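Visitor: Handing you this structure, nothing more for now.
Protein chains: 4
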Amino acid sequence: MLRIGIIGASGYTGVELARILSTHPDCELCVVTSRQYAGQPLATVFPSLRKRVDLLCENPDLNSLVNKADFFFTAVPHKTAMKIVPTLLTAGKKVVDLSADFRIRNAAVYEKWYQPHSCPELLDRAVYGLPELYREKIAGQDLVANPGCYPTSVILGLAPLLTNRLIRPESLIIDSKSGTSGAGRSASLATLFCEVTDGFRAYKVGGTHRHIPEMEQELGLLAGQDVTISFTPHLLPISRGILSTMYATLATEASLEQIRDLYSQQYEREPFVRLCGTEELPATQHVRGSNCCDIGIQLDERTGRIIVLAAIDNIAKGAAGQAVQNMNLMMGFSETTGLMGAPFFP
Amino acid sequence: MLRIGIIGASGYTGVELARILSTHPDCELCVVTSRQYAGQPLATVFPSLRKRVDLLCENPDLNSLVNKADFFFTAVPHKTAMKIVPTLLTAGKKVVDLSADFRIRNAAVYEKWYQPHSCPELLDRAVYGLPELYREKIAGQDLVANPGCYPTSVILGLAPLLTNRLIRPESLIIDSKSGTSGAGRSASLATLFCEVTDGFRAYKVGGTHRHIPEMEQELGLLAGQDVTISFTPHLLPISRGILSTMYATLATEASLEQIRDLYSQQYEREPFVRLCGTEELPATQHVRGSNCCDIGIQLDERTGRIIVLAAIDNIAKGAAGQAVQNMNLMMGFSETTGLMGAPFFP
Amino acid sequence: MLRIGIIGASGYTGVELARILSTHPDCELCVVTSRQYAGQPLATVFPSLRKRVDLLCENPDLNSLVNKADFFFTAVPHKTAMKIVPTLLTAGKKVVDLSADFRIRNAAVYEKWYQPHSCPELLDRAVYGLPELYREKIAGQDLVANPGCYPTSVILGLAPLLTNRLIRPESLIIDSKSGTSGAGRSASLATLFCEVTDGFRAYKVGGTHRHIPEMEQELGLLAGQDVTISFTPHLLPISRGILSTMYATLATEASLEQIRDLYSQQYEREPFVRLCGTEELPATQHVRGSNCCDIGIQLDERTGRIIVLAAIDNIAKGAAGQAVQNMNLMMGFSETTGLMGAPFFP
Amino acid sequence: MLRIGIIGASGYTGVELARILSTHPDCELCVVTSRQYAGQPLATVFPSLRKRVDLLCENPDLNSLVNKADFFFTAVPHKTAMKIVPTLLTAGKKVVDLSADFRIRNAAVYEKWYQPHSCPELLDRAVYGLPELYREKIAGQDLVANPGCYPTSVILGLAPLLTNRLIRPESLIIDSKSGTSGAGRSASLATLFCEVTDGFRAYKVGGTHRHIPEMEQELGLLAGQDVTISFTPHLLPISRGILSTMYATLATEASLEQIRDLYSQQYEREPFVRLCGTEELPATQHVRGSNCCDIGIQLDERTGRIIVLAAIDNIAKGAAGQAVQNMNLMMGFSETTGLMGAPFFP
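Protein chains in written order, with my numbering: chain V, 58 to 403; chain D, 58 to 403; chain Y, 58 to 403; chain R, 58 to 403.
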């Protein structure tokens, strides 16, 4: 049994990791940390875990933690992660980092959107943990940068178009909508129930969201050229779920059928990517609680634009689920272990 | 007191009309029709109206109705409206029609998106009832075509850009999200609570929604040229509210400040259009239950695109509220009578 | 025009007061206070008030405030209210206090459930502001204690039963459910969107909620004897609304028809209390945004118990709406002025 | 691998059964029926099942079905179930029936609340499938009547009190609140999104809900005497979840600690029953998507009443999850197989 530690277990990603790992047959959750709840049972912080996870939260003291587990998920904010990860690696541990700190390959780009990086030498070592693209690289790694939630939906949704040079990259407009769990579990006025429910709004409009460089990096690699996108995130009055609606101008003549065939070729055998039928469209409620990414495609013949829609659960495939998928690959477990549960609907 | 009739009072637009009119000082609601609930008090169909509206639903028999009111709101489906409206006009009544039947000025366009039109001669007579654009024309009219909900948000949001030739019309991409009341009050699987709540999805993707020709007509008039848009509607798990996120490429160099000034010039004195501050963005929960349209603007300097966001309550400014605003203009009442209530938040 | 001040305008009760007063024909809102947002427009704190309320929040400095208005609503926490109200009264102002500080007539009872009272001499002077019971007393007053939200639903629901000695008071069990706006607008983990949505729970179980002494006081006065109740509050995943389900054993034989007649006698002419028909039951969505209290009654012949259900909007009839109703009475305005708007549905 | 059939797979219980069974290691789902969707993939009816369940819906023709599976879940309405179950049993199949048809042991009682019973001789043979009470009896059975959703929460919540004679049964008042999935998946006005969201109401008030005889039967067996309850169901604006708040007068002096000890004795080793700590209360969001039943207990010393709260997921422990738990017992599998997933939170 692989001994697992979660650094930063008291957020929504933490509880989802604990939920998934609690029934994973090859793992044992051995240590969870939370500065705020140190000394309390994790099942007191999250009553959903009663009788399922029997661990006390510990202070994130690396010296004492490092020997309690062999594999760590770091679910802490960016900047904090880069302080912890080097120590874990030095101790010979494997790490999936769920922050942004190791996602950007170019330190200058990272520093432009975030802040100075304290261990840029690790950026080359880290693999971007989108298994559907980088499965082989992930397999041999000890440091995987788990993708952001928005980028997961966007990159999976656009990969076949870019790889096959079907669209003009500069035409890309991405209108994404996320559930409120993406905003984290800190008490704040903006995410109070009464401020969010029965409402809808955009935020960080105008090219300022920090997931943009991550998306542009990966879309650029797929396109074989620099890509600059328009990206607008919105806040949905739901807990879990992202739907990204993506618009692009076709670069070449192609029928919807031809395009769908390319998607099929790329994703047919993927256990977690599901193409919608011609009459179907993805919906967040159909991926809820699962590691699935559902993709739908339509062509607007009036404007020559293709519209791709991709739905994921932001804390599952968009965070904790994908992190476990990466762990499975890193450890040589079957990639789908512990992750094949169907979405819960309704 | 103006005697009012509502043809088709048992839908969500009907109950909102009844709510607004119940406190309008210059009107008396005298007749409401509903085939399904004929003979029942409207306050049984909508318990919210208890002790506020004391009328029985009647069968929509025009002969008996026509003398009971002087002003009619027709809140029936398209195709049904075009059968009713001519009779009302012939009887000398004034009409605000909330269906699509008189919105499209070109009969051929109407017939392409809908079905044959039985009284195309009325299309010229009808005025498109967006008061912020057509206030003067509405004032003298007896037939006003109340705009669709999506078009209201989109046209108000884009008017200053198009009038001032600031954007390239062919670059317009409109990503709209609507509350579920827009889907009507008929029992259907797709709008059951458990199918909609805690979820989000698009529908009619790829240039097929019937509000497109209405938007293209009005945007084209503003732009002084044909306009073809990409439009994608989505279904929000809220009752009321539309947020439209609109993307366009600037046609000329302009600073955000300059653009905001143009919006201010056009909308400063409008009682129902409210510009968000530079640090603010519109949200459906801040217009809920009101006749307001909130507009926010941001520039993405990385891509040269402008992003406009417009929020309305789809059954108020997007339907019943705007209809009463039109009635006020048609009857020479103060335009804001009965409509100045602030949104209810939370 | 009566000049109005709201002390504590940045909570949900504050914004609802501002919304109602913004269209009240006999009042002008002249001053609003908020320690946290001093110097900011109230319409920045609550964008719903854009173009409807044009006031800056001020620090609650009584010396400077007291001359800016003639009538004050104190919407501050208990304990804070008792420090402010005496000053306002001394300056000759009239006050509706929305806290608990002047609701309990017996200082000892107040001090048992809350804390020491700093001006117990005012308890006699204050009138409990439930207009349906104390209309005449309120009319001549300068200090009215606005009832709690739960008590409003419970007292209106039970009054006819107790006045007519139809039930055994010691059998009373009250199971209440409230929307989350009742928990206030402070950032807190427990009321984050993701903690509340798609969920339901009880709180303060076992006779510990501070509205209990207020209910027992008023129910006791109606019953003419001491009343001790079981009361359990619950948190609903909605913004606005309270539904109280009340159980009592009949003290005497009475048919449902007889009981309904007594309710009709008491409430028929009340503008804000609405009895449901025999086949109907109250629902929070049918009173949303209004000053209405809807009441339904059923008899369980198997157990000899009567079940009364009462629905209100907790921040309207349960707070701000009732406060304006009290102001109307205190000032000699028509009791319903500004309050006759029908509920918002859907 | 046990071959499984689901008769009536297109309801919310059906999709939850399919979800659970899709990862059950000892079962293979072989046949699903739906009159309405015959010929369509179940994954088209429920897109959540894409790439997880690969079966076409079949017409419920028993002759052709009966050989395709060894174990059947009948998830059809009462009255329909009693027509199907005898045929399945005669063919040597094992059955968990999720309708009400075999829950009531006394045919006369069944016929009073429902309609004539066509196979009353099976009532003795059927075991009431609440494993925490009847584990041994279920183990040897071929027909198990799966309990209703409300009764599951109520019986588990009250069992220790009744078994230990701690309360006066005639004092029992049960105020239950259920998510909307309990109302089924048929298109109906009453369960449209806009009618349910942001609202709350009671239904079937006054002792008329058909789960009452089922609860009284089982509570009576536990109490060793006839039990008559007051029961009021309510509709919550959530998909999944029941919270039952139960009031009873203590029959004997007992401290909260003593009572909690009795609950611990009964439930400590139960994998699916979880007692809340002294400072905790159950919440539906903490059992969502799981087979757990969370129970909290408080004493109201002011009134001598005990208040028990029990939370379940109505379509998991209240239907599909418990049905699989019963299947596990009937087949000799480990009782918890496929059911140990922690609740989904948030």
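Quick reminder that beta carbons are idealized off the backbone N, C-alpha and C, glycines included. Since the model is a prediction, treat every value here as computed from it, not as a measurement.
Do Thr-285(D) and Thr-220(V) count as a contact pair if the criterion is CB distance below 7 Å?
Guide: Working through the first sequence from its first residue, we reach residue 220(V) at position 163. Working through the second sequence from its first residue, we reach residue 285(D) at position 228. Cβ distance not < 7 Å, so Thr-220(V) and Thr-285(D) don't count as in contact.
Visitor: Output, in chain order, the set of chain D residues within a Cβ distance shorter than 8 Å of Asp-255(Y).
Guide: For the purposes of this step, residue 255(Y) is identified with residue 198 of the third sequence, where counting begins at 1. The contacting residues are Thr-254, Asp-255.
Visitor: State yes or no: is the C-beta of Trp-170(Y) within less than 7 Å of the C-beta of Pro-82(Y)?
Guide: On the third sequence, position 113 is the one that residue 170(Y) refers to. On the third sequence, position 25 is the one that residue 82(Y) refers to. Cβ distance not < 7 Å, so Trp-170(Y) and Pro-82(Y) don't count as in contact.
Visitor: If you reduce the DSSP assignment to three classes, tell me which class Leu-112(D) lands in.
Guide: Working through the second sequence from its first residue, we reach residue 112(D) at position 55. Looking at Leu-112(D) - three-state DSSP - the assignment turns out to be coil, as it is neither helix nor strand.
Visitor: In the DSSP assignment, what are the bridge partners of Cys-84(V)?
Guide: Taking the first residue of the first sequence as position 1, residue 84(V) is located at position 27. According to DSSP, which records beta bridges pairwise, Cys-84(V) is partnered with Leu-59(V).
Visitor: For the stretch 192-271 of chain V, which segments carrying the alpha helix (DSSP H) assignment without a break, of at least 4 residues, lie completely within its bounds, in sequence order?
Guide: Segments of the alpha helix (DSSP H) lying fully in the stretch 192-271 of chain V: 206-220, 250-253.
Visitor: With DSSP run on the structure shown, which of helix, strand or coil describes His-291(V)?
Guide: Translated into the one-based positions of the first sequence, residue 291(V) becomes position 234. Strand, per DSSP.
Visitor: In three-state DSSP terms, what is Ser-121(R)?
Guide: As a first step, residue 121(R) must be located in the fourth sequence, where it is residue number 64. Here Ser-121(R) sits in helix by DSSP.
Visitor: State the CB to CB distance for the pair Gly-298(D) and Arg-345(D), rounded to an integer number of angstroms; the pair is presumed to be in contact (CB under 8 Å).
Guide: Position 241 of the second sequence, counting from 1, holds the residue named residue 298(D). Position 288 of the second sequence, counting from 1, holds the residue named residue 345(D). That pair is a contact at about 6 Å.
Visitor: How is the alpha helix (DSSP H) around Lys-169(V) delimited, first residue to last?
Guide: Within the first sequence, numbered from 1, the residue matching residue 169(V) stands at position 112. Residues 164-170.
Visitor: Can you name the residues of chain D whose CB is closer than 9 Å to the CB of Tyr-69(R)?
Guide: By 1-based counting over the fourth sequence, the position of residue 69(R) is 12. Cys-251, listed in chain order.
Visitor: Starting from the C-beta of Ile-141(D), find all residues in its chain whose C-beta is less than 8 Å away, skip the five residues before and the five after it, and write them out in chain order.
Guide: Residue mapping note: residue 141(D) aligns to position 84 of the second sequence, counting from 1. Excluding sequence neighbours, Ile-141(D) sits near Ile-64, Pro-117, Leu-119, Thr-131, Val-133.
Visitor: Against chain Y, which members of the stretch 370-399 of chain D pass a CB distance test of less than 7 Å?
Guide: Per Cβ criterion, the list reads Met-397, Gly-398, Ala-399.
Visitor: Looking at chain V, is there any beta carbon in it that lies within less than 7 Å of the beta carbon of Thr-101(Y)?
Guide: Within the third sequence, residue 101(Y) is the residue found at index 44, counting from 1. Chain V, which has no Cβ nearer than 7 Å to the Cβ of Thr-101(Y), makes this no.
Visitor: From which residue to which residue does the alpha helix (DSSP H) around Gly-378(D) run?
Guide: Within the second sequence, the letter at position 321 stands for residue 378(D). Unbroken alpha helix (DSSP H) run through Gly-378(D): 378-388.
Visitor: What residues in its chain sit with their C-beta under 6 Å from that of Tyr-69(R), if we drop five residues either side in the sequence?
Guide: Walking along the fourth sequence from the start, residue 69(R) turns up at place 12. Taken in chain order, the residues that qualify are Ser-238, Arg-242, Ile-372.
Visitor: Taking the Cβ atom as the reference point for each residue, do Val-153(V) and Val-110(V) lie within a distance shorter than 7 Å?
Guide: Here the question's residue 153(V) lines up with position 96 in the first sequence. Here the question's residue 110(V) lines up with position 53 in the first sequence. Going by C-beta atoms, Val-153(V) is not nearer than 7 Å to Val-110(V).
Visitor: According to the neighbour-count rule (16 or more other Cβ atoms, all chains shown, within 10 Å of its Cβ), is Asp-255(V) buried or exposed?
Guide: Start at 1 with the first residue of the first sequence, and residue 255(V) comes out as number 198. That one is buried.
Visitor: If we ignore side chains and look at the alpha-carbon of each, how far apart do Lys-136(Y) and Arg-267(Y) end up?
Guide: Against the third sequence, residue 136(Y) aligns to sequence position 79. Against the third sequence, residue 267(Y) aligns to sequence position 210. Each residue's alpha carbon lies about 13 Å from the other.
Visitor: For the alpha helix (DSSP H) that contains Leu-78(R), what are its first and last residues?
Guide: Sequence index remark: in the fourth sequence, residue 78(R) carries index 21 (1-based). Segment 69-78, the alpha helix (DSSP H) holding Leu-78(R).
Visitor: Below 9 Å on C-beta distance, what does Arg-242(Y) contact in chain V?
Guide: On the third sequence, position 185 is the one that residue 242(Y) refers to. What Arg-242(Y) touches in chain V: Leu-246, Leu-249, Cys-251, Glu-252.
Visitor: Taking the CB atoms as reference points, tell me whether Cys-114(Y) and Pro-143(Y) lie closer together than 7 Å.
Guide: Here residue 114(Y) corresponds to residue number 57 of the third sequence, with the count starting at 1. Here residue 143(Y) corresponds to residue number 86 of the third sequence, with the count starting at 1. For Cys-114(Y) and Pro-143(Y), no; Cβs fall outside 7 Å.
Visitor: Any beta carbon from chain V within less than 7 Å of Ser-287(D)'s own beta carbon?
Guide: Counting from 1 along the second sequence, the entry for residue 287(D) is found at position 230. Yes - at least one Cβ of chain V is within 7 Å of the one on Ser-287(D).
Visitor: Looking at Phe-159(V): is its Cβ nearer than 7 Å to the Cβ of Ala-196(V)?
Guide: As a position in the first sequence, residue 159(V) is number 102, starting the count at 1. As a position in the first sequence, residue 196(V) is number 139, starting the count at 1. Going by C-beta atoms, Phe-159(V) is not nearer than 7 Å to Ala-196(V).
Visitor: Just to confirm, are Thr-80(D) and Met-397(Y) a CB contact at a threshold of 7 Å?
Guide: To locate residue 80(D), count along the second sequence from 1; it is residue 23. To locate residue 397(Y), count along the third sequence from 1; it is residue 340. Contact: yes.
Visitor: Starting from Thr-101(D), trace the beta strand (DSSP E) in both directions and tell me its first and last residue.
Guide: One-based indexing of the second sequence puts residue 101(D) at position 44. Careful: Thr-101(D) lies outside any beta strand (DSSP E), inside the alpha helix (DSSP H) at 99-102.
Visitor: Tell me the DSSP bridge mates of Phe-129(Y)?
Guide: The residue you call residue 129(Y) lines up with position 72 of the third sequence. Note: Phe-129(Y) sits in a beta bridge opposite Gly-62(Y), Val-152(Y).
Visitor: Report all residues from its chain with a CB closer than 7 Å to the CB of Glu-392(V); omit the five preceding and five following residues, and keep chain order.
Guide: Start at 1 with the first residue of the first sequence, and residue 392(V) comes out as number 335. Closer than 7 Å at Cβ, skipping near neighbours: Pro-188, Gln-382, Asn-385, Leu-386.
Visitor: Using a Cβ cut-off of 7 Å, pull out every chain D residue sitting near Ser-91(R), in sequence order please.
Guide: Taking the fourth sequence and counting its residues from 1, one reaches residue 91(R) at position 34. Ordered by position in chain D, no residue passes the 7 Å Cβ test against Ser-91(R), which lies about 13 Å from the chain.
Visitor: Which residues of chain Y have a Cβ atom closer than 9 Å to the Cβ of Thr-302(R), listed in chain order?
Guide: Position 245 of the fourth sequence, counted from the start, is the residue given in the question as residue 302(R). In chain order: Asp-232, Ala-259, Val-262, Thr-289, His-291.
Visitor: Is the CB of Leu-145(D) under 7 Å away from at least one CB in chain V?
Guide: The sequence position of residue 145(D) within the second sequence is 88, counting from 1. Chain V contact via Cβ: absent.
Visitor: Between the stretch 89-109 of chain V and the stretch 326-341 of chain V, do three or more beta carbon pairs fall short of 8 Å?
Guide: No, the stretch 89-109 of chain V is not in contact with the stretch 326-341 of chain V.
Visitor: Does the beta carbon of Ile-161(Y) sit closer than 7 Å to a beta carbon anywhere in chain R?
Guide: Working through the third sequence from its first residue, we reach residue 161(Y) at position 104. Chain R, which has no Cβ nearer than 7 Å to the Cβ of Ile-161(Y), makes this no.
Visitor: Give the straight-line distance between the Cα atoms of Phe-250(R) and Ile-295(R), rounded to the nearest whole angstrom.
Guide: Position 193 of the fourth sequence, counting from 1, holds the residue named residue 250(R). Position 238 of the fourth sequence, counting from 1, holds the residue named residue 295(R). Each residue's alpha carbon lies about 10 Å from the other.
Visitor: Quick one: which chain Y residues come within Cβ less than 9 Å of Ser-296(R)?
Guide: Position 239 of the fourth sequence, counting from 1, holds the residue named residue 296(R). Going along chain Y in sequence order, the residues near Ser-296(R) (Cβ under 9 Å) are Asp-255.
Visitor: Closest Cβ-Cβ distance between Ser-121(Y) and chain V: below 7 Å?
Guide: Residue numbering aside, residue 121(Y) sits at position 64 when the third sequence is read from its first letter. No - not a single Cβ of chain V is within 7 Å of the one on Ser-121(Y).
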